[in-house]
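Participant:
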Amino acid sequence: MPRNKVAWRRFVFVVLIIASLAVLTVSFRETKSGPVHAIQQGTAGLIAPMQTWGARIAQPFQDGYGWLTTLWSAHKDADRLSQQVQVLQGQVIQLEEQAEENDRLKGLLDFKDKGTFPAGTDFVVARVTAKSPNRWQAYVEIDKGSADGVKVDQAVVGSTPLTGETLAGKGLVGHVYHVTAHSAQVLLITDSQSNVAAKIQGSRAEGIIEGGGDLNSSLSMDLVDRDIRVDPKLVVVTSGYGGIYPPDIPVGVVSSVGEQDVNNYKQIAVQPFLDFRVLEEVMILIVPTDSTSVVPGSTSTTGVSGTTSSTGPDGATGTTGGLGTTATTTKAKSNTTTSR
Amino acid sequence: MERREFIIVGKAVLLLAFAVLLQTVLISQISILGVTADLFLILTVIVSVSRGSLQGAVFGFVAGLIADVAYFAPLGVRALIYVLAGYFVGMFVARFGTVSPWSVALLAGVTSFLYQLLLGIFQYVMGPRGGFFTMIGVQMLPEAVLDGLVTAPLYVLLMRTRLLPPPHLSGARFGSEDE
Chain Y
616 MPRNKVAWRR FVFVVLIIAS LAVLTVSFRE TKSGPVHAIQ QGTAGLIAPM QTWGARIAQP
676 FQDGYGWLTT LWSAHKDADR LSQQVQVLQG QVIQLEEQAE ENDRLKGLLD FKDKGTFPAG
736 TDFVVARVTA KSPNRWQAYV EIDKGSADGV KVDQAVVGST PLTGETLAGK GLVGHVYHVT
796 AHSAQVLLIT DSQSNVAAKI QGSRAEGIIE GGGDLNSSLS MDLVDRDIRV DPKLVVVTSG
856 YGGIYPPDIP VGVVSSVGEQ DVNNYKQIAV QPFLDFRVLE EVMILIVPTD STSVVPGSTS
916 TTGVSGTTSS TGPDGATGTT GGLGTTATTT KAKSNTTTSR
Chain Z
3 MERREFIIVG KAVLLLAFAV LLQTVLISQI SILGVTADLF LILTVIVSVS RGSLQGAVFG
63 FVAGLIADVA YFAPLGVRAL IYVLAGYFVG MFVARFGTVS PWSVALLAGV TSFLYQLLLG
123 IFQYVMGPRG GFFTMIGVQM LPEAVLDGLV TAPLYVLLMR TRLLPPPHLS GARFGSEDE
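Chains as they are written, first to last, in my numbering: chain Y, 616 to 955; chain Z, 3 to 181.
1. Under a three-way DSSP split, which group does Q57(Z) fall into?
2. Just reading off the alpha helix (DSSP H) that P144(Z) is part of, what are its end residues?
3. Please state whether DSSP places T853(Y) in a helix, a strand or coil.
4. Does any residue of chain Y bring its CB to less than 8 Å from the CB of G36(Z)?
5. Taking 8 Å as the CB-CB cut-off, is I632(Y) touching chain Z?
6. Secondary structure at H797(Y), three-state DSSP: helix, strand or coil?
7. Quick one: is P911(Y) buried, meaning 16 or more other Cβ sit within 10 Å of its Cβ, or exposed?
8. Would you mind reading off the limits of the alpha helix (DSSP H) that contains K691(Y)?
9. Shorter than 8 Å from the beta carbon of F28(Z) to some beta carbon of chain Y?
10. Go to P103(Z), then tell me how far its alpha helix (DSSP H) extends in each direction, as first and last residue.
11. Excluding five sequence neighbours on each side, which residues of the same chain lie with their C-beta closer than 6 Å to the C-beta of R6(Z)?
12. With distances taken between CB atoms, is the gap from K992(Y) to V839(Y) smaller than 8 Å?
13. Under 8 Å between beta-carbons, which chain Z residues line up against A659(Y)? List them in chain order, please.
14. Only counting runs of 4 or more residues, tell me where the alpha helix (DSSP H) segments fall wholly within the region 735-781 of chain Y, in order along the chain.
15. Could you spell out the range, first to last residue, of the alpha helix (DSSP H) harbouring V95(Z)?
16. Is the CB of L82(Z) under 8 Å away from at least one CB in chain Y?
17. At a cut of 8 Å, does the region 144-159 of chain Z reach the region 32-52 of chain Z through at least three beta carbon pairs?
18. Just to confirm my understanding: we take R164(Z), look at its own chain, exclude 5 residues before and 5 after, and list those with CB closer than 7 Å. What are they?
19. By DSSP, does G858(Y) sit in helix, in strand, or in coil?
20. Measure the C-alpha to C-alpha separation of Y84(Z) and I662(Y) and round it to an integer number of angstroms.
21. Based on the DSSP secondary-structure assignment, which residues constitute the bridge partners of M836(Y)?
22. Going along chain Z in order, which residues have a C-beta closer than 9 Å to the C-beta of R742(Y)?
23. Between which two residues does the beta strand (DSSP E) harbouring A813(Y) extend?
24. Rank I824(Y), T658(Y) and V811(Y) by C-alpha distance to the C-alpha of A75(Z) and give the top, closest one.
25. Distance check for D725(Y) and S807(Y), CA to CA, integer angstroms please.
26. So, S114(Z) versus G150(Z), is the Cβ gap smaller than 8 Å?
27. Counting only beta-carbon separations shorter than 8 Å, does Q666(Y) have a partner in chain Z?
28. Okay, do the region 875-895 of chain Y and the region 760-767 of chain Y touch, 3+ Cβ pairs below 8 Å being the bar?
29. What did DSSP end up calling L28(Z) once you bin it into helix, strand or coil?
30. Please state the DSSP three-state secondary structure of G36(Z).
Structure representation (structure tokens):
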């Protein structure tokens with residue numbers, strides 16, 4: 616070893632660098648069967664079994680570590696997927712609601728296109744926002760009001776899915792009886808205070824449709840003479856008398872016909888076309904004033920206050936006000952006064 | 003060869019055998035953040051800290067050759083880099099006296115990063131196998147951190163077992179290391 620250790624150290628360092636470069640050069644320049652490669656492969660052959668043993672020894676620990684990390688990620692995945700499921704469930708519900716709403720609106724559109732409404736009739740589609748809270752009254756609240764052109768005593772039609780015993784799913788809902796700027800109340804034809812002038816197709820019998828009192832009740836048709844033949848399954852439509860409902864709007868079908876000796880009129884039960892329990896959208900008919908059939912001599916005054924006075928040919932009057940107001944109904948054939 | 007030198011060489015051989023065994027059997031099987039610790043480089047750094055640049059460079063040369071064989075790399079690549087690492091780490095320690103476990107760990111981390119950098123440049127020169135800057139994030143930095151973390155306990159272990167002597171730093175200055 617030289618006396619100058621620094622020089623010796625530097626000398627060894629340079630030798631090692633040169634040796635490394637030499638080995639590297641030989642390693643790159645020689646063929647795969649060269650001596651350096653042969654030594655490398657031989658040594659690697661000695662190390663390979665050790666690596667195999669090492670892999671076998673380490674495998675259970677690796678599996679355990681992998682199991683733990685998988686378990687941890689599985690927990691996180693489960694939480695994430697659970698949240699995704701909740702979001703997707705919400706989206707599915709939303710899509711189903713939209714699909715149902717789409718069907719209902721299509722029904723309304725179909726009714727608008729195929730229904731026989733007076734020429735020039737305008738339609739305002741409204742969403743039902745509330746329903747009568749008890750069985751004493753049958754009305755719904757809608758989200759359109761005077762700002763949208765809605766006025767008292769305008770006829771309202773609708774479309775509902777074909778559920779239960781409901782037949783066609785499209786027909787008369789009722790009429791507007793109270794209006795505010797952005798909402799209105801619609802008295803349903805099933806309300807006990809509602810009277811609708813109607814006729815039975817096929818027999819030409821005319822009478823008044825009266826409500827049974829709640830959303831679920833059927834209708835009855837009064838003032839049909841006993842001598843007029845009426846068969847079940849005949850369709851009942853509005854007759855157009857009274858000044859509120861345009862003619863030929865479907866109401867329902869005759870479900871049963873009865874007679875009593877002490878009564879001059881038939882007892883006719885009518886099944887409405889609509890299922891008022893599932894009513895969600897309606898159309899308000901804005902009919903030009905000269906298109907609505909009004910019996911000569913009668914007047915109809917409407918206002919935001921919801922008061923209506925109608926007079927029939929026989930001089931009977933009906934006065935309407937808010938819900939619960941007592942009313943006198945004109946029961947004259949071929950003339951209907953809607954009142955509460 | 004005197005008895006003392008014989009013991010030193012024997013310990014070095016023992017360390018290398020230990021490194022080969024541990025690296026091939028255990029360390030290479032454990033991947034953390036996608037990288038495995040390089041025990042050959044770590045031991046080169048520790049030997050350089052403990053015994054100085056000359057023995058560090060010699061140990062690095064042999065360890066590098068073994069590493070090239072073990073990793074099926076072109077023979078001489080790691081030998082060259084480890085020689086540089088062993089020599090300059092020894093010089094650095096002699097100059098600045100960084101011998102605490104955490105400073106040695108930091109030194110090993112920096113050395114590992116520079117080693118990876120040189121290896122990356124070598125790979126790039128030989129033909130790019132991956133994005134160089136991508137490798138900084140996914141390979142170089144993680145391995146530097148891992149090597150540094152492995153170095154500290156291993157350094158303490160080797161000092162406590164007296165397999166390597168404590169660093170002797172008296173009167174040492176850069177360029178005038180006298181062992």
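No residue lacks a Cβ here, since even glycine has one placed at the ideal position from N, Cα and C. Values in this document were obtained by computation on a predicted structure and should not be read as measured data.
Facilitator: Inspection of the coordinates gives the following:
1. Indexing the second sequence from 1 puts residue 57(Z) at position 55. Correct three-state label for Q57(Z): helix.
2. Within the second sequence, numbered from 1, the residue matching residue 144(Z) stands at position 142. Taken as a continuous stretch (DSSP letters only), the alpha helix (DSSP H) holding P144(Z) covers L143 to R162.
3. Residue numbering aside, residue 853(Y) sits at position 238 when the first sequence is read from its first letter. In the three-state DSSP reduction, T853(Y) falls in the strand class (E or B).
4. Position 34 of the second sequence, counting from 1, holds the residue named residue 36(Z). Contact of G36(Z) with chain Y is not assigned, every C-beta pair being separated by 8 Å or more.
5. What you label residue 632(Y) is simply residue 17 of the first sequence in a count that begins at 1. The beta carbon of I632(Y) sits closer than 8 Å to some beta carbon of chain Z.
6. As a working mapping, residue 797(Y) is identified with position 182 in the first sequence. H797(Y): coil per DSSP, three-state reduction.
7. Working through the first sequence from its first residue, we reach residue 911(Y) at position 296. Caution applies to P911(Y), whose pLDDT of 36 falls short of 50 and renders its modelled position unreliable; the model cannot decide the point.
8. Here residue 691(Y) is taken as the residue at index 76 of the first sequence, counted from 1. Element bounds for K691(Y): P650 to K729.
9. Taking the first residue of the second sequence as 1, we reach residue 28(Z) at position 26. This sequence places Leu at residue 28(Z); Phe is not what is there. Chain Y contact via Cβ: present.
10. Stepping through the second sequence from its first residue, residue 103(Z) is reached at position 101. Run containing P103(Z): P103 to M128, per the alpha helix (DSSP H) assignment.
11. Walking along the second sequence from the start, residue 6(Z) turns up at place 4. Taking C-beta separations shorter than 6 Å and ignoring five residues to either side along the sequence, R6(Z) has no partners in its chain.
12. An answer regarding residue 992(Y) cannot be provided, because it is not within the stretch 616 to 955 covered by chain Y.
13. Numbered from 1 along the first sequence, position 44 holds the residue referred to as residue 659(Y). Under the 8 Å cutoff, chain Z gives V71, A72 and F74.
14. Along the length of the region 735-781 of chain Y, whole alpha helix (DSSP H) runs at least 4 residues long do not occur.
15. In the second sequence, counting from the first residue as 1, residue 95(Z) sits at position 93. Note, V95(Z): alpha helix (DSSP H), V79 to F98.
16. Within the second sequence, residue 82(Z) is the residue found at index 80, counting from 1. Yes, contact with chain Y.
17. Enough Cβ pairs lie closer than 8 Å, so yes.
18. Taking the second sequence and counting its residues from 1, the one referred to as residue 164(Z) is at position 162. Nothing listed; no residue qualifies.
19. Translated into positions along the first sequence, residue 858(Y) becomes position 243. Reduced to three states, the DSSP call for G858(Y) is coil.
20. By one-based count along the second sequence, residue 84(Z) stands at place 82. By one-based count along the first sequence, residue 662(Y) stands at place 47. Looking at the two C-alpha atoms, the distance is approximately 20 Å.
21. The residue given as residue 836(Y) occupies position 221 in the first sequence. The partner list for M836(Y) (beta bridge, DSSP) reads I824(Y) and I883(Y).
22. Your numbering for residue 742(Y) matches position 127 in the first sequence. Under the 9 Å cutoff, chain Z gives no residues; its nearest Cβ is about 56 Å from R742(Y).
23. The count along the first sequence starts at 1 and reaches residue 813(Y) at position 198. Annotation for A813(Y): the continuous beta strand (DSSP E) segment containing it runs N810 to I815.
24. On the second sequence, residue 75(Z) is found 73 positions in, with the first residue counted as 1. A75(Z) has its Cα closest to that of T658(Y), out of I824(Y), T658(Y) and V811(Y).
25. On the first sequence, residue 807(Y) is found 192 positions in, with the first residue counted as 1. On the first sequence, residue 725(Y) is found 110 positions in, with the first residue counted as 1. Inter-residue distance for S807(Y) and D725(Y) is about 29 Å (C-alpha atoms, whole angstroms).
26. Taking the first residue of the second sequence as position 1, residue 114(Z) is located at position 112. Taking the first residue of the second sequence as position 1, residue 150(Z) is located at position 148. Yes.
27. As a working note, residue 666(Y) is residue 51 in the first sequence. Between Q666(Y) and chain Z, the shortest Cβ-Cβ separation is below 8 Å.
28. Taking a contact to require three or more Cβ pairs closer than 8 Å, the region 875-895 of chain Y and the region 760-767 of chain Y do not qualify as touching.
29. On the second sequence, position 26 is the one that residue 28(Z) refers to. Coil, per DSSP.
30. Within the second sequence, residue 36(Z) is the residue found at index 34, counting from 1. If DSSP states are grouped into helix, strand and coil, G36(Z) belongs with coil.
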